[in-house]
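Residue numbers (our numbering), protein chains in the order written: chain X, 1 to 208; chain H, 1 to 208; chain U, 1 to 333; chain Y, 1 to 333. Don't be surprised by glycine CBs; every beta carbon is placed ideally from N, CA and C. Quantities reported herein were computed from a predicted structural model and do not represent experimental measurements. Here the structure comes first, spelled out in structure tokens, and everything after it is commentary.
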Amino acid sequence: MGLDVTWAVKWLTLSAQAMAEHRVELIELDRAIGDSDHGENMDRGFQAVLDKLAETPPETPGAALKLTAMALMSKVGGAAGPLYGTAFLRAATTLGDAAYIDAASLAAALAAARDGIVARGKAETGDKTMVDAWTPAVDAAAAAAADGDTLAVLIAAAEAAEAGAMATDPLVARKGRASYLGERSAGHRDPGAASSALILRAAAGAAA
Amino acid sequence: MGLDVTWAVKWLTLSAQAMAEHRVELIELDRAIGDSDHGENMDRGFQAVLDKLAETPPETPGAALKLTAMALMSKVGGAAGPLYGTAFLRAATTLGDAAYIDAASLAAALAAARDGIVARGKAETGDKTMVDAWTPAVDAAAAAAADGDTLAVLIAAAEAAEAGAMATDPLVARKGRASYLGERSAGHRDPGAASSALILRAAAGAAA
Amino acid sequence: MKKLINDPRAVVDESVEGFGLAHADLVTVSADPKYVTRKDAPVAGKVGLVSGGGSGHEPLHAGFVGRGMLDAAVPGAVFTSPTPDQIIPATLAVNSGAGVVHIVKNYTGDVLNFETAAEMAQAEGVEVRTVLVNDDVAVEDSLYTAGRRGVGGTVLVEKIAGAAAERGDDLDAVAVIGDRVNQNVRTMGVALTACTVPHAGTPSFDLADNEIEIGIGIHGEPGRHKIAMENADGITGRLLEPILSDLGTASGEKVLLFVNGMGGTPLSELYIVYRRAAQILAERGLTVERSLVGNYITSLEMQGCSISVLRLDDEMTVLWDAPVHTPALRWGV
Amino acid sequence: MKKLINDPRAVVDESVEGFGLAHADLVTVSADPKYVTRKDAPVAGKVGLVSGGGSGHEPLHAGFVGRGMLDAAVPGAVFTSPTPDQIIPATLAVNSGAGVVHIVKNYTGDVLNFETAAEMAQAEGVEVRTVLVNDDVAVEDSLYTAGRRGVGGTVLVEKIAGAAAERGDDLDAVAVIGDRVNQNVRTMGVALTACTVPHAGTPSFDLADNEIEIGIGIHGEPGRHKIAMENADGITGRLLEPILSDLGTASGEKVLLFVNGMGGTPLSELYIVYRRAAQILAERGLTVERSLVGNYITSLEMQGCSISVLRLDDEMTVLWDAPVHTPALRWGV
Ligand SMILES: Nc1ncnc2c1ncn2[C@@H]1O[C@H](COP(=O)(O)OP(=O)(O)O)[C@@H](O)[C@H]1O
Ligand SMILES: Nc1ncnc2c1ncn2[C@@H]1O[C@H](COP(=O)(O)OP(=O)(O)O)[C@@H](O)[C@H]1O
Ligand SMILES: [Mg+2]
Ligand SMILES: [Mg+2]
Ligand SMILES: [Mg+2]
Ligand SMILES: [Mg+2]
């Protein structure tokens, strides 16, 4: 079996909830080393995702992610909009029309998402961006996928993403708006890494 | 004998000192019911008077007051500049070329100054303006002049002006910038009345 | 108080000097006595237009010196009217023989200083007319006050009278059109924050975080009353209501709508106010024929705005549209 | 936070609506997707110019839509770059067949969103060139950052490239002159106060009463470093020094000097900065051929300024002087 469109819709719904709940926190993180909009942008974007899901309920997980990509691309703006848009689009492409996602294709979809972010943003590990949440998540997912348990893959990814986001605290940013601060960016968590961890935690929550 | 040009120069010098010393206080009074410039304007104006006195030392009290009128008119600006300018000009005209001022002509000069202010500003007693310091001062001076003692005239004028200035506290302004505040102007001393009292006190101080 | 200044007492000197350097193609600056004239003044045969007042309202007045508007501006100290020894030479400098109109905002200081200057200029043979601007509806009872203040309408008087002078109207005609603009314009302002006069160093009034000051003038003096903070639509209604009722506009009339920033308010917010004001005017059946949005008559860094409504007639519209070329207002040239 | 707004989330919608009402003679506003086009767009045979970015920098960009400058502006949320679904239709709307130039400030968000939009517009048959503006010398080591930001120079690129498009230059030529302006302009800014993004409600950074932030961008992000408050002459020197050394100007060269307010600074203070900047340039043997002083690219109500110096050649000067008719910049027409 594996994860189906119900899981995907639940994932996106929980993600939207998480963005609304953590809106102020993400704004605050962005205020410290950016321009105070990340939480607002993500909240607005995922509300648009919910609207789209209600409007045209998707029939496959891939369709749900594609719709998400389009909504985020057209409603988030800023750096995060195109990056998340590309991530969800690449994941959707990997999943194709499949009705069910097994552990291996789940791990592959996560890897495709991460690769999309890197392709667009050109950030390397340690540049203090959302990549620092995604790369450990992708690695942990790949390792967990061997056992074939999708929930275990998602939990591993979420935990790794959370650890990765926390690990951005001491880093000096080299990409995105925070990079203008140089050394002053150290001591603050990257907002995009934080929102990425929330989204991946929502994915696990939806499968639990 | 009476008051001579030395007295006049000392009066103006003490006035300049008083304006410098009370600059912030006059600004604060004007801040409450006006536009925060009265102390700055008077200080600037009387510094210009000092410069003029040094440049072309006057030979009569009347000449000293005329020079003062011109300096205030050209350096103070605002409402106070033309009002004080006219006051000093009218007083100077009254005194003419006399080398010495007796009590009667002193009282007449003060009355002329006050009349000048009223002629220009059209304020009545109780309108909460500098007139409320000048009119009691002129009345007290006239009464004291009967005894022929110029110092007594000046002390009477200074005391009356101070009382008059204090008495503006509860009034509602009907002229000048404070009038825009209506009832909100009550509870504050009129800055022009306060500076008038300082100037008349300096006149007494110079004669002591 | 944080300001981009050097010595607080040199603010006007240095600012006017910089202004003169930046606009050397348009204006000439006299440093002492301080005044700014149009580069080609006096313009032969043309009535001269002189305005002035305290500094701190930039771009008013110096920013409006140039073809089609003022011939001279006379800046006083911050929030302090200029003195006759500045106004007189400015008046003489722009007199081509056709006489000079003084545009004076109705504040005791401005009135007295311009009055003295006009008298002395006349004594020197210059014909002077005075247009007194008093468009501020916040001053309710002008019997018991120094009368209504000159505020936002001043900009409109200067533009339209300036165009009349430029097209060759004579002295009386320029004064008459200036008066007509004044009689047909009403203004009301609001402050969200006070401003700080450089030499004073403390804010000009105290305002709590949830309070605004309604019916302010332009000198940082407190307004008619404080009210609790409201949203932009609410504030706009509060400003516009007394303007329209005092002006007595009737459905079908044409107006110019002027939303002016007090210096520290973003342009984006002025457009939010403009939006609501335009809606209200439309509801009243008024046609907004012309509009102006921006910081034109300010109170240093104060946050807030004023709204002015000018009832237009065809001649005023033509004069409004006439070419103007000044540092702060320019079109048609 | 006191602002003349209604719902913090409606700020851009309502402000752009008001802007459209106030300038209905010049622009057309599309509400959703949100973008502003020149009233007569597409102009037959003319290369289209599109710019955009986060809101909160008004008058940039919508204020520069009109003859001789931009054909379209695409406003994002406050400090958030717009999305491809706005940029694409704006691009299509101003394409007359001669192609479209995107003027993009170098921020990751703007670059990515315009990149996507350009790709998709090209797929629809519109030739697109991108001019990336990155004039901010505050970003020292562009190897270890997202690269220099696009700041004050953007206004100059838009004006000069706009004039090139208006005179009939082809797509590549317009992009080339835009690039040339960018390569010859350097900017540096300072904040005396932070600004508050409406939806955030707290100031974008913390600054003590005696501190200023040097090397800021335009999004309320903190700058290169904080220093103790200094006077205007000192600050001007600090901003100009890195500009001139990076630009490598030589005595005898001609420049355009642009002193820009961040939104909450009085014009009078900008002229004090201009004065000192002009003195320094004169000391270096540079000739200030053209100048611009005012609030053109802002950060909401932030107090502070930026200085830009553009090394001029004759063609740039001619294009700078060419007629422009937009809500925020107008001359020659
Ligand atoms: N080049 C990049 N590669 C990957 N992620 C990036 C890059 N640039 C920025 N980001 C991510 O985007 C986040 C900021 O998003 P957001 O605040 O919405 O956009 P903006 O910086 O345009 O305001 C950063 O915290 C970071 O995680
Ligand atoms: N019409 C008037 N008649 C008499 N005195 C006046 C009048 N108007 C104003 N004043 C005096 O001028 C003072 C204000 O002076 P100042 O602050 O220097 O001028 P401004 O009000 O122009 O800023 C007031 O306190 C008042 O005493
Ligand atoms: Mg951000
Ligand atoms: Mg005063
Ligand atoms: Mg004053
Ligand atoms: Mg942003």
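C-alpha gap between residue i and residue j, whole angstroms
i	j	result
X:I27	X:A194	11 Å
U:H219	Y:K3	21 Å
Y:G294	Y:G178	22 Å
H:D115	H:A87	8 Å
U:A191	X:M130	43 Å
Y:S291	H:T94	55 Å
Y:M69	Y:V309	20 Å
H:K175	U:M262	25 Å
U:F114	H:A18	28 Å
Y:C195	U:E269	14 Å
Y:T145	Y:V133	15 Å
X:D97	X:G77	28 Å
X:G81	X:L53	18 Å
U:R224	X:A123	57 Å
U:F349	H:G34	A question about residue 349 of chain U goes unanswered here, because the residues of chain U that appear run from 1 up to 333.
Y:R186	X:L89	38 Å
Minimum Cβ-Cβ distance from residue i to chain U less than 7 Å
i	result
Y:L192	yes
Y:Y271	yes
H:L110	no
Y:Y35	no
Y:D233	yes
H:I155	no
Y:G18	yes
H:P82	yes
H:T35	Looking at the sequence shown, residue 35 of chain H is not Thr but Asp. Chain U contact via Cβ: present.
H:R114	no
H:A79	yes
Where residue i sits in the DSSP three-state scheme
i	result
H:M19	helix
Y:F258	strand
U:L310	strand
X:E124	coil
U:P323	coil
Y:I280	helix
Y:L92	helix
H:G176	coil
U:M229	coil
Y:V333	coil
Cutoff 7 Å: residue i Cβ touching any chain X Cβ
i	result
Y:A163	no
Y:P360	Nothing can be reported for residue 360 of chain Y: it is not among the residues displayed for chain Y, which extend from 1 to 333.
Y:F353	This structure cannot settle anything about residue 353 of chain Y, because the visible part of chain Y is limited to 1 through 333.
Y:H199	yes
Beta carbon proximity, residue i to chain H, threshold 7 Å
i	result
U:Y296	no
U:A340	This structure does not reach residue 340 of chain U, given that chain U is present from 1 up to 333, and the question cannot be answered.
Residue-level contact to chain Y via CB, residue i, 7 Å cutoff
i	result
X:G212	Since the first residue shown for chain X is 1 and the last is 208, residue 212 of chain X is missing from the structure and cannot be characterised.
X:D132	no
U:Y274	yes
U:I5	yes
Inset, instruction - Return the chain-ordered ranges of every beta strand (DSSP E) run that is complete within the segment 33–59 of chain U and spans a minimum of 3 residues. - result: At a cut-off of 3 residues, the continuous stretches assigned as beta strand (DSSP E) that sit fully inside the segment 33–59 of chain U are 35–38 and 48–55.
Inset, instruction - Note down, in chain order, all residues in the segment 101–133 of chain Y with a beta-carbon under 7 Å from any beta-carbon belonging to chain X. - result: Per Cβ criterion, the list reads Y107, T108, G109, L112, N113 and T116.
Inset, instruction - Output, in sequence order along the chain, the residues in the segment 178–202 of chain H whose CB is closer than 7 Å to any CB in chain U. - result: Residues S179, Y180, L181 and R184.
Inset, instruction - Quick one: which unbroken beta strand (DSSP E) runs of 3-plus residues sit fully inside the segment 126–201 of chain Y? Chain order, please. - result: With a minimum length of 3 residues, the continuous beta strand (DSSP E) runs that stay inside the segment 126–201 of chain Y are 128–133 and 185–191.
Inset, instruction - Pick out the complete alpha helix (DSSP H) segments inside the segment 23–100 of chain X, 4 residues or longer, and give them in chain order. - result: Runs found: 23–33, 38–55, 61–75 and 80–95.
Inset, instruction - Taking only beta carbons into account, state which residues of the segment 236–254 of chain U come closer than 8 Å to chain H, listed in chain order. - result: Near chain H, meaning a CB-to-CB distance below 8 Å, no residue of the segment 236–254 of chain U qualifies.
Inset, instruction - Give the residues from the segment 53–83 of chain U that approach chain Y closer than 8 Å (Cβ to any Cβ), ordered along the chain. - result: Flagged, chain order: S55, G56, E58, P59 and G63.
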